[in-house]
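Start counting at 1 in the sequence shown, then tack on 7, and there's your number in our numbering. I have placed the structure first, in the form of structure tokens, so that the comments after it can refer back to it.
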Amino acid sequence: SGKSTLMNLIGALDQPTSGDMLIEGHSLSTMRPDDLADLRNRTLGFVFQQFNLLPRANALQNVKLPLRYARHEHIDADARARECLELVGLGERMDHRPAQLSGGQQQRVAIARALAGKPHIILADEPTGALDTKTSADIMELLVSLNASGITIILVTHEAEVAAFAQRQIHFRDGLIESDERRAP
């Protein structure tokens with residue numbers, strides 16, 4: 008219904024066929040691929056329905072991984088990964104591999120990984136789709152608190168209960184915006 012296209016455009020993974028998109032004042036259509044990758048690494052964090060964790064790596068290693076590729080020399084990767092895992096409530100599970108964690112804990116590792124590079128925007132594609140109702144609510148409360156701390160959260164969901172957490176809801180149908188609703192924080 009257009010959600011994947013929108014997320015790929017906002018995530019600087021695809022280029023628009025017409026028009027332009029700006030992220031933090033940068034025109035995505037005029038940027039070189041290396042500059043787009045730098046922008047993604049500095050500005051965006053990604054959270055997916057499938058957690059995409061490395062099965063042989065523990066939680067700490069999974070969270071540190073993007074810092075190695077993003078050239079965040081100014082960040083102490085180990086300390087930042089620990090800080091992010093503490094933030095999502097997994098300080099005591101840092102040495103656990105994905106198979107040793109529940110679905111909710113794995114999603115928290117994925118959120119910690121998305122936070123590691125200190126993004127300004129988190130793109131979350133169905134982040135609660137594989138979770139039970141209670142764990143989904145916990146994950147949404149975490150995302151709401153991250154938003155309150157100043158991080159923009161762009162979340163795609165088909166679940167009304169999840170969408171209810173949002174301050175702004177944009178509904179798509181057949182690739183077109185059907186409605187755009189705001190509510191007070």
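Even for Gly, the Cβ is constructed at its ideal location relative to N, Cα and C.
Between residue i and residue j, is the Cβ-Cβ spacing less than 8 angstroms?
i	j	result
I128	T37	no
K71	F179	no
T135	I146	yes
T142	G110	yes
L108	V116	yes
L150	A170	no
G52	G157	no
R104	R47	no
M28	L35	yes
Taking all protein chains shown into account, decide if residue i is buried (16 or more other Cβ within 10 angstroms of its Cβ) or exposed.
i	result
R75	exposed
R87	buried
G18	buried
R175	exposed
N65	buried
For residue i, write down the residues that DSSP places opposite it in a beta bridge.
i	result
G52	I129
V163	D132
Q57	Q57 is not bridged to any residue.
I177	D187
H33	I30
Could you tell me the boundaries of the alpha helix (DSSP H) in which residue i lies?
i	result
E93	A84 to L94
D187	Premise fails: D187 lies in the beta strand (DSSP E), L183 to R189, not in any alpha helix (DSSP H).
G124	Element bounds for G124: n/a, residue is neither H nor E.
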